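Each protein sequence line maps, in turn, to chains A and B.
Counting from 25, one number per residue, gives the positions in the first sequence under my numbering.
Counting from 5, one number per residue, gives the positions in the second sequence under my numbering.
Where is the CB? At the ideal position from N, CA and C, for every residue including glycine.
Keep in mind the model is a prediction, meaning the values are calculated, not measured.
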Amino acid sequence: MAFFEIKNLLVRHKSFDGVKTVLDIDKLTVEKGETYGLVGESGQGKTVLALTILKLLQCPPGIIEQGEILLEGVNLLKKTERSMQAEIRGKRIAMIFQDPMSCLNPVFTIKDCMVDALRQNHKGMSRKEAVSQAVKLLQEVKLADPESTLVKYPHQLSGGQRQRVIIALALCCGADFLIADEPTRNLDVTIQASILKLLRELQKKHGMTVLFIANNLSLVGAFCDRVGILRDGRIVEEGTADQVVSHPREEYTRLLREACETKLKPTDDSQEEILLRVEHLKKYFDINDEVRHIRHQSLKAVDDVSFDIHSGEVLGIVGESGCGKSTLVNTILELFEPTAGKVYFEGKDIFGESNGSQGNAFKKNVQIVFQDPYWSLNPRWLVKDIVAEPLDVYEKLGEAERLIRVEELLAMVGLPGDACYKYPHEFSGGERQRIAIARSLASNPKLVVLDEPTSSIDVFSQNQILDLIKELKKKFGLTNILISHDLAVVHELSNRIAVMYLGKIVEFGPAREIFEHPRHPYTQALFDAIPRVGDTGMEGIRTLEGQIPSPINPPSGCPFHTRCPMAQDRCKEEVPQETYYSERHYVRCLLAEEQQEKGGDVL
Amino acid sequence: MKNWTDSLKPKIRSMQESFYLLARNRLSLFALVLLCVIVLLAILAPWIIPYPQDIADEAHIADKFLAPSAAHWFGTDELGRDVFSRVIYGGRVSLSTAILTVGISLLIGVPLGAVAGTLGGHVDNVIMRITDIFLSFPPLLLAISLVAILGSSLTNAILAIAISWWPWYTRLVRGQAISIKERKFVQAAETIGTGKLKIIFRHIVPNCISPVIVQASMDMGGVILTVASLSFLGLGAKAPTPEWGLMISTGRTYFPDMWWCCIFPGLAIFITVLCFNLLGDAAREILDPKTRKR
């Protein structure tokens, strides 16, 4: 008898558009101690499955038509709500949710949360025992300084720390079956790797069985023993991780696999002419927090950044979340007031003359595509009005003419003309991002900033969006700034790369050179943290330990020394200067300076 | 004309979807149907009530205080007027005052809240402190004193209630606007170069409006109650007007012997307010984007 088994499960969903089958699984078995990876795009029924197993699916609109979900031979679907709560949830099956930001109650401290959960499940445990147990659990999930973490509120923790707390909560009732629903989505690559390593370790130690849900095949290939591919609620392919990833049988799996591979190298269309020049740009946010006794301090989000962008090139900006990359572009786009520094667009200082025709000309020429297409389009507007928004500002067109332009723009991004008369919520994530791109092109801009353009959409759509961006860039001779924490995306599009850490650029240079020989230890760490297609097991993935230090009190000397595997004593004191490897490739690292002095591998 | 029908289609579809969501909840569907009946009765009142002349001050002393019967379903009052006719016609008065009052409050409250929330800084401070001043009086008391100053009539009652009511909408909309303005589509509009006014009224206001609709439909009930209270106190509608509160007020002298004079207008208030509240709850469910997606 298998440890966990699903037989002939049929789940439907009733909505305005009629009854739809969301899950139709003939058979799914997970053996004890195994890690089973379930892969599929969003909307294929992954989360519905997780919720159905725990009987948390909302019915209606959900309808469980038939089937059995067996945990060690006991049918969970036959259990009453009460016995699910008393015997199964937490005790036998624990779940880690997708979004660590929203699944901890913001008004409870971590202690409240954990003590509650512990005492709920171990009758007769005293408060004191529960607290010491909580400390042990936090140690187990490798949170540095568990005592002080206990008294914190969720908002005081970073995403990675929160996810660790949630894992600790999942452990606290001794569950032996863990459902992890995209536990690393929205987390940085470095943190993703360390969370996965932690899960693997805990699984071994406690003999847990894991059902791992993800949308990324390379991740699952590295982490899981067996893999099932979910499409339209059916398991279309199943096998060992190696088998499925390396020798997929189904076309769909092959496409998923291709989506994880980087294919083309970017073409270099850059010209000599400098389009945008950023000089010593700084953006500090003043912090005046009476409650926490922080006065007259500043958060150095962008700290002395300079670079040029040539016409026609793509500059990739990479770094973990919180490194200041979004603040940097938002300041360039005049969404924030700069603290110091200058930005020249086509030779003109854009901060100098803020109002008047010049400011408007700058806005017309510089557009942005945001990360999250769910919130970057006004949900109450029709698509034709969304796309035409820049037209309404810069060109006064008649209704008919306006419609023609909108249809042209939509055709350019591969959407049909009847999309005009729909609302954004009627589109998928990828299609919405196309709408956002169409809008950004409406005013014929020269520079388009892409702020994580693919990170909240599905792997398939990601590639299509990247292809679209490339095509449009060629067609219109666009210059792009691409922000991403996903190195694969950056690799595919960028000519040059800036790696940012704590508001500073630590490495800057041609994309090819950086991808072949990352010089800065931080760049190297970013590369090592990504699982590659075909990786099996977690051995190849190295992690970067520690949290990003606070930009309010950045570490002295080289800001990276607190996490750098190669840090030496002098890194704590001396601030590294730019060391050039070639004319346009530099790093800020004392080790590189040392090597250069010795006459090593440098210019 | 093709364009015009095209842009109507998504709106119709979205209305159909709303109705589907509404119909899932039996209670709110019931409330909607009942409210439609009430509104229809109110609109058609002059033509369908059995004794149209009883709306005015006409007296049939001979028929006074008749108990409910086939001829007078809800009995007759102290002047021999048909209570049923007056209750039905009273819906006309109550509903129109409620719509006017809530409408005026919305017209003042929503733009102020949106401007305050979006612009922040001094503008926000000035608007919100004024709002606070209005909020620091109990609404009924403020309305009563305003009517006392303006003189008691139905029009003045409407104005007075609207003046004590708008700050709630300002507060509500401001809170919404503060969160909506952080949304990326607002930032996108800023980078596009869209003007501030257009950002406020085309981007922010439409996205703040869901909780306002919920609040407004609940408030319809509240306003009907307040108008009835003012009339009951003699500060609202004047004597022959068949206003529910006024009818209770006159009827209470003869309570409980001639119970029908009070009970039926009271029931009318009760049912109408309840319907609006249930509908408010239903609106909350329909307008919540989470239920929408399902």
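What is the rounded straight-line gap between the Cα of residue i and the Cα of residue j?
i                : j                : result
Leu167 (chain A) : Leu502 (chain A) : 45 Å
Gly238 (chain B) : Ser156 (chain B) : 8 Å
Val472 (chain A) : Ser335 (chain A) : 12 Å
Lys297 (chain B) : Ser214 (chain B) : In this predicted model, Lys297 (chain B) has a pLDDT of only 47, less than 50, meaning its place in the structure is not dependable; the value taken from the coordinates is given anyway. C-alpha separation (whole angstroms): 15 Å.
Arg456 (chain A) : Gln395 (chain A) : 11 Å
Leu627 (chain A) : Pro545 (chain A) : Summary for Leu627 (chain A): the model assigns pLDDT 40, below 50, so the residue's position carries little reliability; its value from the coordinates is reported in the next sentence. If you take the alpha carbons of Leu627 (chain A) and Pro545 (chain A), they lie about 19 Å apart.
Gln163 (chain A) : Arg608 (chain A) : 45 Å
Lys229 (chain A) : Leu195 (chain A) : 11 Å
Ser322 (chain A) : Val302 (chain A) : 22 Å
Met344 (chain B) : Ser253 (chain B) : Given a span of 5 to 298 for chain B in the structure shown, any question on residue 344 (chain B) remains unanswerable.
Leu434 (chain A) : Leu144 (chain B) : 55 Å
Pro178 (chain A) : Ala152 (chain B) : 53 Å
Phe138 (chain B) : Ser168 (chain B) : 7 Å
Lys372 (chain A) : Lys185 (chain B) : 30 Å
Asp41 (chain A)  : Asp212 (chain A) : 37 Å
Glu621 (chain A) : Ala512 (chain A) : 33 Å
Ser270 (chain A) : Cys248 (chain A) : 14 Å
Ser22 (chain B)  : Tyr445 (chain A) : 18 Å
Tyr93 (chain B)  : Leu48 (chain B)  : 9 Å
Lys274 (chain A) : Val244 (chain A) : Looking at the sequence shown, residue 274 (chain A) is not Lys but Glu. Cα to Cα, Glu274 (chain A) sits roughly 17 Å from Val244 (chain A).
Asn239 (chain A) : Cys137 (chain A) : 30 Å
Asn29 (chain B)  : Gly346 (chain A) : 45 Å
Val650 (chain A) : Asp409 (chain A) : Since the first residue of chain A shown is 25 and the last is 627, residue 650 (chain A) is not available in this structure.
Ala110 (chain A) : Leu490 (chain A) : 48 Å
Gly148 (chain A) : Asp256 (chain A) : 46 Å
Leu100 (chain A) : Leu94 (chain A)  : 6 Å
For residue i versus residue j, is the C-beta distance shorter than 7 Å?
i                : j                : result
Pro448 (chain A) : Leu401 (chain A) : yes
Ala217 (chain A) : Thr567 (chain A) : yes
Pro575 (chain A) : Lys324 (chain A) : yes
His64 (chain B)  : Gly95 (chain B)  : no
Pro542 (chain A) : Arg520 (chain A) : no
Cys212 (chain B) : Ala35 (chain B)  : no
Leu78 (chain A)  : Arg113 (chain A) : yes
Thr45 (chain A)  : Val234 (chain A) : no
Ser32 (chain B)  : Asp58 (chain B)  : no
Glu569 (chain A) : Gly581 (chain A) : no
Ile196 (chain B) : Thr101 (chain B) : no
Ala286 (chain B) : Ile217 (chain B) : no
Cys197 (chain A) : Lys115 (chain A) : yes
Phe369 (chain A) : Leu474 (chain A) : no
Pro210 (chain B) : Arg404 (chain A) : yes
Phe201 (chain A) : Ile117 (chain A) : yes
Val674 (chain A) : Ile529 (chain A) : For chain A, the structure presents residues 25 to 627; residue 674 (chain A) sits outside this window and is missing.
Since I believe residue j is in contact with residue i (beta carbons under 8 Å), could you give me their beta-carbon distance rounded to a whole number of angstroms?
i                : j                : result
Thr76 (chain A)  : Ile87 (chain A)  : With a Cβ gap of about 11 Å, Thr76 (chain A) and Ile87 (chain A) do not count as contacting.
Leu240 (chain B) : Val231 (chain B) : Just to set this straight, residue 240 (chain B) is Gly in the shown sequence, not Leu. That belief holds up - the Cβ atoms of Gly240 (chain B) and Val231 (chain B) are roughly 6 Å apart, short of 8 Å.
Ser508 (chain A) : Ser485 (chain A) : At roughly 15 Å, the Cβ-Cβ gap does not stay under 8 Å, so Ser508 (chain A) and Ser485 (chain A) are not in contact.
Asp327 (chain A) : Gly527 (chain A) : 4 Å
Glu92 (chain A)  : Asn129 (chain A) : With 8 Å as the limit, Glu92 (chain A) and Asn129 (chain A) do not qualify as a contact, their Cβ atoms being about 34 Å apart.
Ile253 (chain A) : Val54 (chain A)  : Not quite, the Cβ-Cβ distance comes to about 15 Å (not below 8 Å), so this is no contact.
Pro7 (chain A)   : Val393 (chain A) : Given a span of 25 to 627 for chain A in the structure shown, any question on residue 7 (chain A) remains unanswerable.
Ile191 (chain A) : Thr208 (chain A) : The Cβ separation is near 11 Å, so there is no contact.
Gly343 (chain A) : Tyr525 (chain A) : 6 Å
Leu161 (chain A) : Ile134 (chain A) : Going by Cβ atoms, the distance from Leu161 (chain A) to Ile134 (chain A) rounds to 10 Å, so no, they are not a contact pair.
Thr135 (chain B) : Arg175 (chain B) : 7 Å
Quick one: does the C-beta of residue i sit closer than 6 Å to a heavy atom of the ligand GTP?
i                : result
Asn129 (chain B) : Ligands in the displayed structure: none, and consequently the ligand GTP is not present.
For the 8 Å Cβ check, are there 3 or more pairs between the segment 111 to 123 of chain B and the segment 246 to 265 of chain B?
no
Does the structure place the segment 300 to 308 of chain A close enough to the segment 352 to 363 of chain A that three or more beta carbon pairs sit under 8 Å?
yes
Closer than 7 Å, Cβ to Cβ, to anything on chain A: give me those residues from the segment 165 to 191 of chain B, in chain order.
Arg187, Lys188, Phe189, Gln191
Would you say the segment 64 to 83 of chain B touches the segment 27 to 46 of chain B, given that touching needs at least three Cβ pairs under 8 Å?
no
Between the segment 487 to 513 of chain A and chain B, which residues of the former have CB atoms less than 9 Å from a CB of the latter, in chain order?
none
When Cβ atoms are compared, which residues of the segment 194 to 225 of chain B fall closer than 9 Å to chain A?
Glu194, Thr195, Ile196, Gly197, Thr198, Gly199, Lys202, Arg206, His207, Pro210, Asn211, Ile213
Could you list the residues in the segment 16 to 28 of chain B with a C-beta less than 8 Å from some C-beta on chain A, going in chain order?
Ser18, Gln20, Glu21, Tyr24, Leu25, Arg28
Do three or more CB pairs link the segment 47 to 54 of chain A to the segment 67 to 75 of chain A at distances below 8 Å?
yes
Contacting positions in the segment 102 to 129 of chain B - beta carbon closer than 7 Å to chain A:
none
What are the residues in the segment 66 to 83 of chain B lying within 8 Å of chain A by C-beta distance?
none
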